[in-house]
Every structure is written in structure tokens, then in C-alpha cells.
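Worksheet for the structure shown next.
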Amino acid sequence: MQRGSDRLNVHRDDEMKHELQGLLRSGHPTRTEEWHDPEPYAEDDPEVTYGPVTPSRAPARAEALRLELARVLGRTSFPAGPAELTRVLRGRHAPDGLVEPVRRLPLNARYDSAHRLAEAIVQAQDETAGGAPRP
53 MQRGSDRLNV HRDDEMKHEL QGLLRSGHPT RTEEWHDPEP YAEDDPEVTY
103 GPVTPSRAPA RAEALRLELA RVLGRTSFPA GPAELTRVLR GRHAPDGLVE
153 PVRRLPLNAR YDSAHRLAEA IVQAQDETAG GAPRP
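When we follow the working numbering, the leftmost residue of the sequence shown carries the number 53, and every step to the right adds one.
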């Protein structure tokens, strides 16, 4: 049998197959030592660990939105207006749930940080939802 450039020998391959056989058949970890298994998500983990944060999904909207905008945009995108930021977000393949609220902001506005941008988005959403604007 041709092994190629495999660094493991035949015996180690068979041993690894035997170790994984229980996991593959059962669909859940079968080890008795729990330290081998990955930890599940905690209740206080940041929302970002579960996928992209969009304004409609985040529990602490402004903070989670700021975190996601800062992650996608970085520091070099500021200061900028909504049109420029929308182009950058689309260029970096941001989810539509993140791009659309930025696109709806007033065109003459300028934002000098992800924090200011997130506050403006949350305030605009509160106003369109009929809520009182935030201080």
C-alpha cells in the first residue's frame, strides 16, 4: 500500500481510527476525561461567538454593534460618511444586516469612530420604531 508523505505509521492510523470509532458512531464525545472536550458557550460570552452581530439580533445593541462594526471596518475607515462606509462594508463582505442600517443614515453625516456610528444607527432605529431618542 502506498503511504505517500504521511508522517504516521500504519499502526498509529489504526489506533486513531479505533479512538474515533465511538465518537463517529454515537455523535457525541465518548471520553471519560472531560478536559478533552470543548467547552460549550457560556451565558456571558460575547454575542459575536455565535455568528455575525446584526442590529436586530444583539441584546446590548449599541455595544455589540460597535464591536462588530469595529471588527469589520477597522480604524482606517474613519472619519467617513455613510456612502463611504457602505462601500467599505460591502467590499469586506459584511452581512446585509450590518450594511443596510449604515446605508439608511443621513448622507451629510460624518462619523469619526465605530462608537459614534453604532450610536447613530441605534438612535435612528429607535426613532423609526417610534421610541424616544436616546440621550
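Idealized CB from N, CA, C, for every residue including glycine.
Counted within 10 angstroms of its Cβ, other Cβ atoms place residue i as buried (16 or more) or exposed
| i | result |
| --- | --- |
| residue 179 | exposed |
| residue 169 | buried |
| residue 129 | buried |
| residue 118 | buried |
Closer than 7 Å: residue i CB and nearest the ligand ADP heavy atom
| i | result |
| --- | --- |
| residue 169 | Looking at this structure, you won't find the ligand ADP or any other ligand, since it has none at all. |
Proximity below 8 Å, CB of residue i to CB of residue j
| i | j | result |
| --- | --- | --- |
| residue 133 | residue 161 | yes |
| residue 124 | residue 138 | no |
| residue 157 | residue 172 | yes |
Alpha-carbon to alpha-carbon, residue j and residue i
| i | j | result |
| --- | --- | --- |
| residue 195 | residue 149 | Nothing can be reported for residue 195, as the shown portion of the chain is limited to 53 through 187. |
| residue 141 | residue 122 | 11 Å |
| residue 14 | residue 127 | No answer is possible for residue 14: the residues shown for the chain start at 53 and end at 187. |
| residue 110 | residue 145 | Its pLDDT being 45, under 50, residue 110 is placed unreliably by the model, and nothing is read from it. |
| residue 69 | residue 143 | 43 Å |
| residue 114 | residue 74 | 45 Å |
| residue 64 | residue 71 | 10 Å |
| residue 66 | residue 77 | 16 Å |
| residue 188 | residue 61 | This structure leaves residue 188 out entirely; the chain is present only between 53 and 187. |
Of the residues the options, the one placed nearest residue i, counting alpha carbons only
| i | options | result |
| --- | --- | --- |
| residue 176 | 147, 154, 167 | 154 |
| residue 147 | 120, 62, 67 | 120 |
Residues of its chain near residue i, where Cβ-Cβ distance is below 8 Å and the 5 sequence neighbours each way are ignored
| i | result |
| --- | --- |
| residue 159 | 133, 134, 135 |
Contacts around residue i, its chain only, beta-carbon distance under 7 Å, and the 5 residues preceding and following it disregarded
| i | result |
| --- | --- |
| residue 167 | 118 |
| residue 131 | 162, 163, 164 |
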